[in-house]
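For reference, the structure is listed below as structure tokens.
Number of protein chains: 2
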Amino acid sequence: MRAVTIDEGRIEIRDHPDPEPGAGEVLVRVRAAGLNGGDMMQRRGLYPAPPGAPQDIPGLELAGEVAALGSGAARFAEGDRVMAVVAGGGQAELAVVHERLAMPVPDALGWPDAGGFSEVFTTAHDALFTQAGLGSGEHLLVHGAAGGVGTAAVQLGGAAGARVTATVRNDALRAGVAELGAAVIEPEGFEAHGPFDVILELVGAPNLAPNLGALATWGRIVVIGISAGAQAELNLGALMGVRGTVRGSTLRPRPLEEKAMAARAVERHVLPLMEGGAARVPIADTFPLDEAEAAYDRFAEGGKLGKVVLTVD
Amino acid sequence: MRAVTIDEGRIEIRDHPDPEPGAGEVLVRVRAAGLNGGDMMQRRGLYPAPPGAPQDIPGLELAGEVAALGSGAARFAEGDRVMAVVAGGGQAELAVVHERLAMPVPDALGWPDAGGFSEVFTTAHDALFTQAGLGSGEHLLVHGAAGGVGTAAVQLGGAAGARVTATVRNDALRAGVAELGAAVIEPEGFEAHGPFDVILELVGAPNLAPNLGALATWGRIVVIGISAGAQAELNLGALMGVRGTVRGSTLRPRPLEEKAMAARAVERHVLPLMEGGAARVPIADTFPLDEAEAAYDRFAEGGKLGKVVLTVD
Chain A
1 MRAVTIDEGR IEIRDHPDPE PGAGEVLVRV RAAGLNGGDM MQRRGLYPAP PGAPQDIPGL
61 ELAGEVAALG SGAARFAEGD RVMAVVAGGG QAELAVVHER LAMPVPDALG WPDAGGFSEV
121 FTTAHDALFT QAGLGSGEHL LVHGAAGGVG TAAVQLGGAA GARVTATVRN DALRAGVAEL
181 GAAVIEPEGF EAHGPFDVIL ELVGAPNLAP NLGALATWGR IVVIGISAGA QAELNLGALM
241 GVRGTVRGST LRPRPLEEKA MAARAVERHV LPLMEGGAAR VPIADTFPLD EAEAAYDRFA
301 EGGKLGKVVL TVD
Chain B
314 MRAVTIDEGR IEIRDHPDPE PGAGEVLVRV RAAGLNGGDM MQRRGLYPAP PGAPQDIPGL
374 ELAGEVAALG SGAARFAEGD RVMAVVAGGG QAELAVVHER LAMPVPDALG WPDAGGFSEV
434 FTTAHDALFT QAGLGSGEHL LVHGAAGGVG TAAVQLGGAA GARVTATVRN DALRAGVAEL
494 GAAVIEPEGF EAHGPFDVIL ELVGAPNLAP NLGALATWGR IVVIGISAGA QAELNLGALM
554 GVRGTVRGST LRPRPLEEKA MAARAVERHV LPLMEGGAAR VPIADTFPLD EAEAAYDRFA
614 EGGKLGKVVL TVD
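As structure tokens, then:
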């Protein structure tokens, strides 16, 4: 099979042996696979794939048809449309996925949508609800809301009855995020729009102190992206004063059972939104697998609303 | 009535008008009232009493007999032994307490024990269980474990089936904390004894970075004391890596209903431990009300195991 291959920072398409599904796994003929920040970090050598995942084939999410079943796999049949978060190896013609991590693709989602759905919606749903316990009537702030996770979070927050405010740095993307249901503001001076019950932090360390200053009593900050830096200052007295919480989270290193729990939560609480049209996967651009390097460059240059997705014929 | 009075940093005994119980309140003839870190901060002008509490009479906890009932108060009868967390004014011959904040004093507790129970056991129980969700089999670290909250937390953690490790700076107090059920270690190099599922932080900012380094996956740090400093450094990447949580908490500014919930939790889950002898209130020293200044000086000099309590004849 052919697959995107990272070799010392270069993105190439190379031939690899076809993967074989192990016990409880399905082999997927990939039709679309989204790009994520983790792929960019892996390209730079900063985010090695965990043990057991392909080390040189990136790709944290995929969608396609089940092509073969490993021993004991029983959730899906050959030909079923599935999508999943994977620990790596998604950007290839074939990939293996544990059946407990795979979700059925709703009819409402085409291949690019399905290929760009799993990582960002699972990340956003887990952060907002499982980690932060976002509730109806609360005020949610999403930092860096124009990207894949941000656009997912804005929609999920609104669907849950939260009031959603979003920071977007790029002027050109604000209208698109507003269409998804957020009150869009500039990053500078965002504190004036609080207090916020939940803050989804996708930017990093420089935001932590102003986040805390804008946090409501019993508020929760969930940090899932640190592109602007990791080393933050935290005033513990201020944190005590609002009985606040700062939580960090990431999906990739979690064990199978925790990822499967996250997939089940998305099946139950997010797929109905996609089927009913209450949420969608904003796609900034698609590229065929052969143009993976261009797709990576497009992702890295920023200024996009939603996902960059590779498609495979 | 006579009461401890703070006047520009001085601790004196002065006459004050007798307080009168309002709707839903009880008047308590105080028999014992513990000292807490908050009193020391209030003496230094750093921790003013919240609105509605006596501004110049310190005291965050008390025990005594119900002397009169305000209109509608129905939980207790005159003469009942009660104890409570109060927002201020506890170190006096008389004090008013909302009946929803008062707890019955178990027979097993004498007056000094009861007077030093409420603030520290409520703080420790709320932090360990309501905030951090400490569970059986988890590894708990209590920093600064020789004080009132620390000795309460060590006992509550052990009673809940957690494995308890405790840092104690003062050599002379280690055996006493070990008797309460903790593996006692020096503060320096505590990280080597982890990983810890829950860390109760009573010291402050300098501990935050090593705490994070010693935190187990899904671990929770609850900060309830910052005597060593408030401004901490937090590496968000490390926090994400362990899916960790840093929470700050304090009881005093909470509204009545939240304090009442905390009191009900202590009644249900802690008073049975006191009645059965599974936990006790370590008393470092008692002083009569007239010697309040000596009691404050004793508290401030440190090196004590458990509580300093004022007694009233």
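Here the protein sequences come in this chain order: A and B. First residue of the first sequence? That's 1 in this note's numbering, and the numbers climb one at a time after it. First residue of the second sequence? That's 314 in this note's numbering, and the numbers climb one at a time after it. Using N, Cα and C, we set each Cβ at its ideal position, and we do this for glycine too.
Item: Less than 7 Å between CB atoms is the rule here; does ALA260(A) satisfy it with respect to chain B?; Value: no
Item: According to DSSP, is ASP610(B) part of a helix, a strand, or is it coil?; Value: helix
Item: Quick one: grab the DSSP three-state call for ASP7(A).; Value: strand
Item: Going straight from the alpha carbon of GLY450(B) to that of VAL511(B), what length do you get?; Value: 11 Å
Item: Where do the ends of the alpha helix (DSSP H) carrying ASN207(A) lie?; Value: Segment: none, ASN207(A) is in no alpha helix (DSSP H) and carries neither H nor E.
Item: Between SER314(A) and chain B, is any beta-carbon pair separated by less than 7 Å?; Value: Residue 314(A) is absent from the structure shown; chain A starts at 1 and stops at 313.
Item: Can you confirm whether the stretch 229-237 of chain A touches the stretch 516-535 of chain B when touching is taken to mean that 3 or more C-beta pairs between the two stretches lie within less than 8 Å?; Value: yes
Item: Taking MET103(A) as the reference, which of GLU301(A), THR286(A), GLY303(A) and VAL266(A) has the closest Cα?; Value: VAL266(A)
Item: Taking only the alpha-carbon atoms, compute the straight-line gap between ALA437(B) and VAL490(B) and give it to the nearest angstrom.; Value: 15 Å
Item: Sorted by chain position, which residues of the same chain lie with C-beta nearer than 6 Å to ASP626(B)'s C-beta, five sequence neighbours on each side aside?; Value: none
Item: Indicate whether the contact test is met: 3 or more Cβ pairs, each with one atom in the stretch 267-274 of chain A and one in the stretch 593-612 of chain B, closer than 8 Å.; Value: no
Item: With burial defined as no fewer than 16 other Cβ atoms inside 10 Å of the residue's Cβ, what is the status of ASP328(B): buried or exposed?; Value: exposed
Item: Between the alpha carbons of ALA67(A) and GLU504(B), how many angstroms are there, rounded?; Value: 49 Å
Item: Which residue comes first and which comes last in the alpha helix (DSSP H) that contains LEU569(B)?; Value: 569-582
Item: For the stretch 398-410 of chain B against the stretch 368-378 of chain B, are there 3 or more C-beta pairs whose distance is under 8 Å?; Value: yes
Item: Measure the beta-carbon distance from ILE326(B) to ALA605(B) and round it to whole angstroms, keeping in mind my assumption that it falls under 8 Å.; Value: 6 Å
Item: For PHE129(A), which of THR5(A), ILE221(A) and ILE11(A) has the nearest alpha-carbon?; Value: ILE221(A)
Item: Restricting to runs no shorter than 3 residues, where is the beta strand (DSSP E) found entirely within the stretch 181-232 of chain A?; Value: 183-185, 196-201 and 215-223
Item: Is there contact between the stretch 416-433 of chain B and the stretch 388-396 of chain B, where contact requires at least three CB pairs shorter than 8 Å?; Value: yes
Item: CA-CA distance, VAL26(A) and HIS98(A)?; Value: 6 Å
Item: Can you tell me where the beta strand (DSSP E) holding VAL281(A) begins and where it ends?; Value: Careful: VAL281(A) lies outside any beta strand (DSSP E) and carries neither H nor E.
Item: Hey, how far is the Cα of ARG268(A) from the Cα of PRO332(B)?; Value: 57 Å
Item: Quick one, are the C-beta atoms of THR563(B) and MET261(A) less than 7 Å apart?; Value: no
Item: Which chain A residues are close to GLY517(B), counting only those with a beta carbon under 8 Å from its beta carbon?; Value: LEU236
Item: What does the Cβ neighbour count give for ARG254(A), buried or exposed, with the cut at 16 atoms within 10 Å?; Value: buried
Item: How big is the Cα-Cα spacing for GLY377(B) and VAL343(B)?; Value: 4 Å
Item: What are the uninterrupted segments assigned as alpha helix (DSSP H) that are 4 or more residues long and contained completely in the stretch 406-491 of chain B, given in chain order?; Value: 424-428, 431-438 and 461-472
Item: Measure the alpha-carbon distance for LEU256(A) versus LEU469(B) and round it to whole angstroms.; Value: 33 Å
Item: Using a Cβ cut-off of 9 Å, pull out every chain B residue sitting near THR123(A), in sequence order please.; Value: By Cβ distance, chain B contributes nothing, its closest Cβ being about 12 Å from THR123(A), past 9 Å.
Item: So, VAL341(B) versus ALA408(B), is the Cβ gap smaller than 7 Å?; Value: yes
Item: Classify ASP39(A) as helix, strand or coil using the three-state DSSP reduction.; Value: helix
Item: Would you check if there are 3 or more beta carbon pairs closer than 8 Å linking the stretch 382-392 of chain B to the stretch 303-311 of chain A?; Value: no
Item: So what's LEU46(A) in DSSP terms, helix, strand or just coil?; Value: coil
Item: Measure from the alpha carbon of ALA425(B) to the alpha carbon of each residue in PRO601(B), ARG611(B) and TYR609(B), then state which is nearest.; Value: Rather than Ala, the amino acid found at residue 425(B) in this sequence is Pro. With distances taken between Cα atoms, PRO425(B) lies closest to PRO601(B).
Item: Between the C-alpha atoms of ASP107(A) and GLY79(A), what's the straight-line distance to the nearest angstrom?; Value: 14 Å
Item: Against GLU257(A), what residues of chain B qualify as contacts under a CB-to-CB distance less than 7 Å, listed in chain order?; Value: The contacting residues do not exist; GLU257(A) stays about 13 Å from chain B at best.
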